[in-house]
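Asks: Please see the structure below; I have some questions.
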Amino acid sequence: FIRFFLKNLLKILNIKAVEKGSEHLSNRNKLFVSNHTSYLDIFILGAMLETRFTPKIELSKWLFINYIVKLSLPLYIHRTAQKSLEQKKKIKNAILNGDNIVVFPEATTNNGRKLLPFKSSLFSVAEPEFEDDLIEQIPIQPISIIYKEFDGEKVTEKNIDKIAWHGDMTFIPHLWNVFKSKNIIVEIIYHQEIYFESFTDRKTLAKHCHEVIEGALN
């Protein structure tokens, strides 16, 4: 239901998503990692993929978006060290039990001009654990979201804030401008799956994903 709903929402918002790299998608449940520019990212990825999200707990109180996020059965994130281990287990168990999970390792929205550093702690979800002599391997798939066109014009530094939602921007006026737009074209690039075991630690894994995603943005 959620994908059907979001696909129709994209039509209402005049958003056209162009997918690239679909050959890299597999049937394996995985951890998707993506750059994060706008609340629109959630609408778009939710329409394209059968997945759940990991929004910060504060999002559960935001009007309109909280209803959409709840439809995807979110795993809310508490930004506290005390909760990190519990949250890692919840996300990992969700993937092992058949779900795809999207995380935004910047842990906030960027300004659409520069990719922020990744929080490597989120990648610990894919770290193998020995249980009964078995290693559960969770694929990690980087995704680049690139906004190409807004209201008939190429997206540049001059108009990116009509899409990017960051800092102390007010939500309702921003959303209203999106509703009024004639069209938004966004490119979704699925990069090749990778595994934790190919890297020395989660920091090198996070650095690799950052470079792959940023390379497509540039």
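Each residue of the sequence shown is one higher than the last, beginning at 515 in this note's numbering.
For every residue, glycine included, the Cβ atom is placed at its ideal position computed from N, Cα and C.
Quantities reported herein were computed from a predicted structural model and do not represent experimental measurements.
(1) Since Pro619 sits in a beta bridge, which residues does DSSP pair it with?
(2) Using DSSP's beta-bridge definition, name the partner residues of Lys530.
(3) CB-CB under 6 Å to Glu707, same chain, minus the five flanking residues each way: which ones, in chain order?
(4) Residues in the same chain with beta-carbon distance under 6 Å from Ala678, minus the five sequence neighbours each way, listed in chain order, please.
(5) Indicate the three-state DSSP secondary structure (helix, strand or coil) for Asp647 in the structure shown.
(6) Taking only three categories from DSSP, how would you classify Tyr581?
(7) In angstroms, rounded to a whole number, what distance separates the CA positions of Val547 and Ile529?
(8) Tell me, please, whether the stretch 693 to 709 touches the stretch 531 to 539 by the rule of three or more beta-carbon pairs shorter than 8 Å.
(9) From this set, Trp690, Glu663 and Leu636, which residue's C-alpha is nearest Asp715's C-alpha?
(10) Helix, strand or coil: which one does DSSP assign to Leu545?
(11) Contact defined as beta carbons within less than 8 Å: I believe Val616 pairs with Phe567. What is the distance between those atoms, to the nearest angstrom?
(12) What would DSSP say about Arg566, mapped onto helix, strand or coil?
(13) Applying the criterion that 16 or more other CB atoms from any shown protein chain within 10 Å of the CB defines a buried residue, is Phe664 buried or exposed?
(14) Opposite Ile659 in the DSSP bridges: which residues?
(15) If you reduce the DSSP assignment to three classes, tell me which class Ile515 lands in.
Replies: Checking against the coordinates, here is how it stands:
(1) The partner list for Pro619 (beta bridge, DSSP) is empty, contrary to what the question assumes.
(2) Ile699
(3) Pro653 and Gln655
(4) Only Thr551, Ser552, Asn625 and Gly626 meet the Cβ criterion.
(5) At Asp647, the pLDDT of 42 sits below 50, so the modelled position is not reliable and the matter cannot be decided from this model.
(6) Assigned with DSSP and collapsed to three states, Tyr581 falls in helix.
(7) Here the alpha carbon of Val547 sits roughly 22 Å from the alpha carbon of Ile529.
(8) yes
(9) Leu636
(10) Looking at Leu545 - three-state DSSP - the assignment turns out to be strand.
(11) 5 Å
(12) strand
(13) buried
(14) Ile702
(15) A quick correction: the sequence has Phe, not Ile, at residue 515. Phe515: coil per DSSP, three-state reduction.
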